[in-house]
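Heads up: the sequence lines are chains Y and P, in that order. Everything in the first sequence is counted per this note's numbering, starting at 622 for the first residue and increasing by one. Everything in the second sequence is counted per this note's numbering, starting at 622 for the first residue and increasing by one. Glycine included, C-beta positions come from ideal geometry on N, C-alpha and C.
Number of protein chains: 2
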Amino acid sequence: MPGRSISIHDIAEAAGVSHSTVSRALRNSPLISQDVRDNIRAIATRMGYVPNLVAQSLQGSRTRSIGVLVTTISDPFFADVIGGIEQAARPAGYSVLLAATHNDQEEEARCLDSFRARRVDGLIISSSSSIPAPLAAPGMPLVLINNHSERRSDALHSVSIDDRAGALQATQHLLALGHRKIGYIGVASRVASNDRRRRGYEEAMAAAGLDSAAHVRVSASMTADPEADVIAGRRLLPELAARGCTGIVCYNDMVAVGVFMACRELELRVPEDLSVVGFDDVAISRYITPQLTTVRQPGAELGRIAMQMTLALLDNKPVSDFLAQPLLLVRDSTSPVPSPNRDKR
Amino acid sequence: MPGRSISIHDIAEAAGVSHSTVSRALRNSPLISQDVRDNIRAIATRMGYVPNLVAQSLQGSRTRSIGVLVTTISDPFFADVIGGIEQAARPAGYSVLLAATHNDQEEEARCLDSFRARRVDGLIISSSSSIPAPLAAPGMPLVLINNHSERRSDALHSVSIDDRAGALQATQHLLALGHRKIGYIGVASRVASNDRRRRGYEEAMAAAGLDSAAHVRVSASMTADPEADVIAGRRLLPELAARGCTGIVCYNDMVAVGVFMACRELELRVPEDLSVVGFDDVAISRYITPQLTTVRQPGAELGRIAMQMTLALLDNKPVSDFLAQPLLLVRDSTSPVPSPNRDKR
DNA sequence: CACCCACATGCACACGTGTGCATTGGTCGG
DNA sequence: CCGACCAATGCACACGTGTGCATGTGGGTG
């Protein structure tokens, strides 16, 4: 029993005016004389008045809140994204409602229903599953992060990174170092972005006149969890190593971590025996040994931009999709291909 | 302009009844005859009705939402906590409102004001700064995570880990391995928990009749950021190494990561030359080389329990504080103290 | 036939806030 | 001195939902 906090009616009674006057005074309306305004504001602070945002939401029909839907919070990349969103939302007076679907279609539907029921003003979705056909109310701003699915509707916008270009860049880096047998390890739990990255890899290989089909491995697991990514890298590397690959392009940094673990088990040295490139530039990539060469994907910035885009849409300003250009960070996990000392089995 | 979604009035008109009947029918009230109930429900789904939760919140005075205040989202430990909270909140029909103060007192006040204005039903705070004197409305459930500050009020509850016992255990582990000169590296940005962990370390040292005062280092930086923790470990290790320490107890895993980096720069081998113990058991601790010996602090579980405690408080059920017992996970970053081959400077 | 009761439904208010319109009191100009 | 205009404030409604109470209707019983 919260005891019901005080409202403008209480203030009105205390000041001997009507509640309308209080409402106007608090909003600094010029209709109210200066002294009455001051008096009311003083009484309000004295009584510890805190405006009821749900009542305001009901009367004007906006809640000044946005829903953020994400696959999982534990993944450091998503955590960065959420951080960026929150950081941009607060100064604008918006609150963020957070929900995590764990790649579960039903769960996702429930989350969206909840957001709809709460009448969020906008929606930011950074989840890989297919965008639900019955979107939120048409006209509600919807920004997708890393899920630019061929722009089917005019109402949905996207902020994303150029996955294809990133993977292309990563592969070209390995090619420039002299690697010829280069593998790709991906995950099926993020279908769309995985496909784009794989395609970037294949494109670079094809341009160099190299075969790639035999060196692609994609984990079938559908659980979108950093742990699952690590397991994927760890389990899929051995086959590629056995096939003589000297370089690996990974779907993301967590997969690369798994590759590192597999290498230790196989007693392969990184980068002497095997060069590894990651994707995302998650914090962890600088903390492992050797430090990971990776494609930078600025999570916090993507989140911030998505939020700003949402705000612009709420103002009916025109916005255009944002495609971030990836940046290859060369660190210590890649080196020139080893000379013909092919003593490995 | 969202076009104003349909309300129970619209359904009432379509069904030729009053809005009260619709309201009762949708809530399955036995007051309404079965056939009318079915008819109304059918019309509702046909029209795509989605109840307005803000109106419901205004009328009954609960929002079925809880505010979560956290220092930073990027820190993997906090991310785990948030994940646990969210996971427990959804099945109970609660939404979580997320905000991050970055150890900024003013920002924290603003966040709390926002939560108050939004009339959240409960509050979960996992931020280290001092609890603001003017808490939320008295009677509002408030659960603190890892901030059990001497239980000043009867209204605030806590879920936390036994920091002292954890650090004690970590230190005893090193002592059992024969280490005598053991250092502690902490951070000032999380005052309370850092003090408790330091005390556990000192207690273990004192019990073994060893000096500890000279081997304690605490980073003065107040930015609560995983990056800052890494920097702290990296910057503070060299002095302790120079003083001949063979074992280090770290405030958390991120500090340990920093220690690892410093060791590489100093060409110290872990664990041969230096044994390192972390705290938290963040995912990253299993991914670095060597895998980190650390004290497990189950973030997701703490979050889940905090949420369940909040729910119990909302039901006016009695709850008691929860103090999780830490568990030492011995991995590869600790080993017996090196024999007298003291060739180090 | 009258009365009572159960059942089904509508009326009206409450929740807290914002705002269009009416009302009042005062001042100024003609 | 009277009308007109302006400044300041109150009235009343709206937003969408839930619920106490009143209303109405039908059937059964005395």
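One thing to note: Gly854/Y has its Cβ within 8 Å of the Cβ of Val880/Y. DSSP places Ile653/Y outside both helix and strand once states are collapsed to three, so it counts as coil. With respect to chain P, the C-beta atom of Ser954/Y has no partner C-beta closer than 8 Å. As the crow flies, the alpha-carbon of Ala738/P is around 26 Å from that of Asp656/Y. Separation of the CB atoms of Val891/P and Asp850/P is rounded to 18 Å, and the pair is thereby denied contact status at 8 Å. Chain Y places a beta carbon closer than 8 Å to that of Arg737/P, counting this residue as a contact.
Between the stretch 892–907 of chain P and the stretch 828–837 of chain P, the count of C-beta pairs closer than 8 Å stays below three; the two stretches do not touch.
Non-local C-beta neighbours of Ala825/Y in its own chain, meaning closer than 7 Å and more than five positions away in sequence, comprise Leu789, Thr792, Gln793, Leu796, ordered along the chain.
Not flagged as an interface residue toward chain Y: Asn873/P, since no C-beta distance is shorter than 8 Å.
Contact between the stretch 718–735 of chain Y and the stretch 691–700 of chain Y is present, with at least three C-beta pairs closer than 8 Å. Between Arg801/P and Ala835/P, the C-beta gap is not smaller than 8 Å, which leaves the two residues out of contact. Residue ranges of uninterrupted beta strand (DSSP E) with 3 or more members, entirely inside the stretch 670–695 of chain P and ordered along the chain, are 686–691. Chain order gives the chain Y residues near Gly704/P as Thr693, Ile694, Ser695, Ala721, where near means a beta carbon separation below 8 Å. As for any alpha helix (DSSP H) of minimum length 4 sitting wholly inside the stretch 910–953 of chain Y, the runs are 920–935, ordered along the chain. In this structure, DSSP gives Val812/Y a helical state, which the three-state scheme calls helix.
Proximity of the stretch 665–685 of chain P to the stretch 669–680 of chain Y meets the contact definition, three or more beta-carbon pairs being nearer than 8 Å. With respect to Val780/P, Ile687/P sits apart: the two C-beta atoms are not nearer than 8 Å.
The three-state secondary structure of Ala853/Y, taken from DSSP, is helix. In this structure, DSSP gives Tyr805/P an extended state, which the three-state scheme calls strand. For Ala646/Y, the three-state secondary structure derived from DSSP is helix. Using a Cβ-Cβ cut-off of 7 Å, Leu679/P is close to Val675, Ala676, Leu679 of chain Y, given in chain order. Leu652/P sits exposed, since fewer than 16 C-beta atoms from the chains shown fall within 10 Å of its C-beta. Taking 8 Å as the cut-off, the Cβ atoms of Glu729/Y and Ser747/Y do not count as close. Closest in alpha carbon position to Phe900/Y, among Val691/Y, Ala633/Y, Val876/Y, is Val876/Y. Under the 8 Å criterion on CB atoms, Tyr805/P is classed as non-interfacial with respect to chain Y. Taking the Cα of Gly669/Y as reference, the smallest distance to any Cα among Met930/Y, Ser628/Y, Ser639/Y, Asp659/Y is reached at Ser628/Y.
In this structure Thr692/Y is buried. Its beta-carbon is surrounded by 16 or more other beta-carbon atoms within 10 angstroms. Here Cys871/P carries a strand assignment [DSSP, helix/strand/coil].
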